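S.K.: There's a structure below that I have some questions on.
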Amino acid sequence: MGIEAALGVRPLLNAAGPLTRLSGMPLHPEVAQAMAEAATECARIEDLQAAAGRYLAEVSGAEAGYVTTGAAAGLALAAAACMAGFDIAAMDRLPDTRGLRNEIVIQRAHLTAYTHALRLPGASLVEAGYMGYPGQGITWPWQIEAAISERTCAIAYSYGIEQGSIALPEIAAIAHKYNLPVIVDAAAALPPATNLRAFIEQGADLVAFSGGKAIGGPQASGILLGRKDLIESVALQHQDMDVYPQTWTWRERYLANGALPGPPHHGIGRPMKVGKEEIVGLVVALKRFLARDHEAERREQHTRLAAIAAALADLPAARPELPPLSAHGGYPSLQLHLDETLLERSTASVVLALLDDGAPPVAVSQNWLAQSALGINVSALRPEHDQLLIERLRGELMR
Ligand SMILES: *Cc1c(COP(=O)(O)O)cnc(C)c1O
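Here you go:
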């Protein structure tokens, strides 16, 4: 049963990319099938996580891996691990961080809407440096060092914000000098697939990726990679912990040797629980992702966008612009610059009309809305829908 049959909601053409608010991208049938089959069976979640973790470690070079409900959940769990470690009383108390090291240092240019997730388990962000615009102020290593105190539990790093900011290897060197872990938000850093290894190699201690973006996994999935002890702390704070010591799966690992006085209770991660469907779907999708030729996919998407641009080239009020493929990975986007005067309507009203006033509804990227342009990204659009997209765009932009 599909979305429309179950809920009466019309599915849309997603020309914006795998955005969460658009429910991500259509899953490959192989991934959807694996999730459907897993959904009819049961297993201990910790066994599924352990097996998935071994696979994630193997393909990333990290000591350990863990499946989360997304990169944002990965950041929240990472912060919880850096604060609580193996202190089960602290696990029991978060987000109350009294008495704990609870400060995460971050260069100001790396603050994003997603760094909010680091604060979810009770951590505070300590900002250092200036916004990354050469000439207006940049961040220097001494500013990071000056922000570190006895309250610091980690340093956070956001991938992809380079201008005027300190690179990861240098951040990691400073962090490790003070015995602190580095948490990297690498949610959208794939492709290239080499980035699955790159941040660990550059010294990151915990790295969060989205499962529902380029990997093509379930929308509510993500990957956390990193140091074994930190991933173990994540697991202890994330699982269903309504357990007796005598029958707890991990009694040998933690209780027999006195490492923990007992099993912790439900931790701060419990509301971010991952289902068997997500764990299986993520692993199957990642296997497919690692076998795919991402450069060929990028070129193919660029070719599709060029064809879409050509099919719109005669519109008087829309000027297509297709930048060449970036050398840094990522999927290409086409921009349609609108002549709002000629159209007698705003770019925002076109975005809304595409979503609301036609069949099928079409979602375009709003990344260039402030520049009066629609964005088209076909990474989450099935090729057989390109023609329909062209017709809907022509219909809206002709008026
Ligand atoms: C998408 C994204 C996230 C959130 O990822 P989810 O997997 O949706 O939780 C976090 N940070 C950045 C930079 C992102 O692009």
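Per my numbering, residue 965 is the first one in the sequence shown, and the count goes up by one each step. By construction, the Cβ of each residue, glycine as well, lies at the ideal position given by its N, Cα and C atoms. Given the structure is predicted, the values throughout are model-derived calculations rather than measurements.
Taking a cut-off of 5 Å, which residues have a beta-carbon closer than that to any heavy atom of ligand 1, in chain order?
M.R.: Having a Cβ closer than 5 Å to some heavy atom of ligand 1 are T984, G1034, A1035, A1036, Y1078, D1149, A1151, A1152, S1174 and G1186.
S.K.: Starting from the C-beta of N1159, find all residues in its chain whose C-beta is less than 7 Å away, skip the five residues before and the five after it, and write them out in chain order.
M.R.: Taken in chain order, the residues that qualify are A1150 and A1153.
S.K.: Exposed or buried, which one is R1065 when buried takes at least 16 other CB atoms within 10 Å?
M.R.: Buried.
S.K.: Are the beta-carbon atoms of A1044 and I1232 separated by less than 8 Å?
M.R.: Yes.
S.K.: Bridge partners for Q1330 per DSSP, in chain order?
M.R.: Q1330 pairs with nothing; no bridge assigned.
S.K.: Which residue wins for smallest C-alpha separation from G1176, given the options E994, L1361, H1349 and A1035?
M.R.: Closest option to G1176, Cα to Cα, is A1035.
S.K.: According to the neighbour-count rule (16 or more other Cβ atoms, all chains shown, within 10 Å of its Cβ), is T1211 buried or exposed?
M.R.: Exposed, by the Cβ-count rule.
S.K.: When you compare only the Cα positions, how much space is there between M999 and C1006?
M.R.: Cα to Cα, the separation comes out at about 12 Å.
S.K.: How about the segment 1064 to 1081 and the segment 1111 to 1129: do they share at least three Cβ pairs that are nearer than 8 Å?
M.R.: Yes, the segment 1064 to 1081 is in contact with the segment 1111 to 1129.
S.K.: From the DSSP output, in three-state form, read off E1091 for me.
M.R.: Note: E1091 maps to strand in three-state DSSP.
S.K.: Can you give me the Cβ contacts of A1002 inside the same chain, cut-off strictly under 7 Å, excluding the 5 residues immediately before and after it?
M.R.: Excluding residues within five positions, the ones whose Cβ falls inside 7 Å are K1240, E1241 and V1244.
S.K.: Based on Cα-Cα distance, which residue from P1325, A1048 and E968 lies nearest to A980?
M.R.: The option with the nearest alpha carbon to A980 is P1325.
S.K.: Taking the CB atoms as reference points, tell me whether Q1299 and E1308 lie closer together than 8 Å.
M.R.: The answer is no: Cβ separation not under 8 Å.
S.K.: Can you tell which of P1182, Y1218, I1340 and T1116 has the C-alpha that lies nearest to the C-alpha of T984?
M.R.: The residue with the shortest Cα to Cα distance from T984 is P1182.
S.K.: If distances are taken between C-alpha atoms only, which option among G1124, T1116 and I1135 comes closest to T1103?
M.R.: T1103 has its Cα closest to that of I1135, out of G1124, T1116 and I1135.
S.K.: Between L1315 and the rest of its own chain, which residues show a CB-CB distance below 8 Å, the 5 nearest in sequence each way excluded?
M.R.: Per the sequence shown, residue 1315 should be read as Val rather than Leu. If we look at V1315 and ignore the five residues flanking it on each side, its Cβ neighbours are V1328, Q1330, L1333 and L1338.
S.K.: Relative to the C-alpha of E1022, which candidate in R1283, K1251 and L1289 has its C-alpha closest?
M.R.: Looking at the Cα atoms, K1251 is the closest of the given residues.
S.K.: Using 8 Å as the threshold, is the C-beta distance between G1029 and A1016 below it?
M.R.: In contact: G1029 and A1016 (Cβ atoms closer than 8 Å).
S.K.: How should T1267 be labelled, buried or exposed, when 16 other C-beta atoms within 10 angstroms of its C-beta is the threshold for buried?
M.R.: Exposed, since its Cβ has fewer than 16 Cβ neighbours within 10 Å.
S.K.: Let me check one thing: in DSSP terms, what residues is S1174 bridge-paired to?
M.R.: DSSP output for S1174 lists G1186 as bridge partner(s).
S.K.: Could you tell me the distance, in whole angstroms, from the CA atom of A1172 to the CA atom of L1020?
M.R.: Their backbone Cα atoms lie some 12 Å apart in a straight line.
S.K.: Looking at S1297 and I1354, is the spacing between their C-beta atoms short of 8 Å?
M.R.: No, these two residues do not count as a Cβ contact at 8 Å.
S.K.: In angstroms with no decimal places, state the Cα-to-Cα distance between A1040 and P1059.
M.R.: Approximately 11 Å between the Cα atoms of the pair.
S.K.: Leaving aside the five residues before and after H1230 along the sequence, list all residues of the same chain whose C-beta is less than 6 Å from its C-beta, in chain order.
M.R.: Result list for H1230: M1205, in chain order.
S.K.: Applying the 10 Å Cβ sphere with the 16-neighbour rule, what's the burial state of H1202?
M.R.: Under this definition H1202 is a buried residue.
S.K.: Tell me whether V914 sits in a helix, a strand or coil according to DSSP, three-state version.
M.R.: Given a span of 965 to 1363 for the chain in the structure shown, any question on residue 914 remains unanswerable.
S.K.: Which residue's Cα is closest to the Cα of G1128: Q1100, P990 and L1188?
M.R.: Taking only the C-alpha atoms, the option nearest G1128 is Q1100.
S.K.: Quick check on DSSP: helix, strand or coil for A1071?
M.R.: A quick correction: the sequence has Gln, not Ala, at residue 1071. Strand.
S.K.: Which class does V1023 belong to by DSSP, given the choice of helix, strand or coil?
M.R.: Correct three-state label for V1023: helix.
S.K.: In whole angstroms, what separates the C-alpha of E994 from that of V1248?
M.R.: Those two C-alpha atoms are separated by around 8 Å.
S.K.: Leaving out five residues on either side along the sequence, give the residues of the same chain with a beta carbon under 8 Å from the beta carbon of L977.
M.R.: Contacts found: P1324, P1325, V1326, A1327, L1345, H1349, L1352, L1353 and R1356.
S.K.: What does a CB cutoff of less than 8 Å around L1311 pick up in its chain, not counting 5 residues either side in sequence?
M.R.: The sequence as given places Thr at residue 1311; Leu does not occur at that position. Hits under 8 Å: L1302, E1304, L1333, S1336, A1337 and L1338.
S.K.: Can you list, in chain order, the residues of its chain with a C-beta nearer than 6 Å to that of I1368? Leave out the 5 residues immediately preceding and following it.
M.R.: No information on residue 1368 is available, as it lies outside the stretch 965 to 1363 that the chain covers here.
S.K.: Would DSSP call N1159 helix, strand or coil?
M.R.: DSSP places N1159 in helix when its eight states are reduced to three.
S.K.: In whole angstroms, give me the CA-to-CA distance for G1049 and R1256.
M.R.: Each residue's Cα considered, the two are about 37 Å apart.
S.K.: Do the CB positions of A1073 and G1096 come within less than 8 Å of each other?
M.R.: In contact: A1073 and G1096 (Cβ atoms closer than 8 Å).
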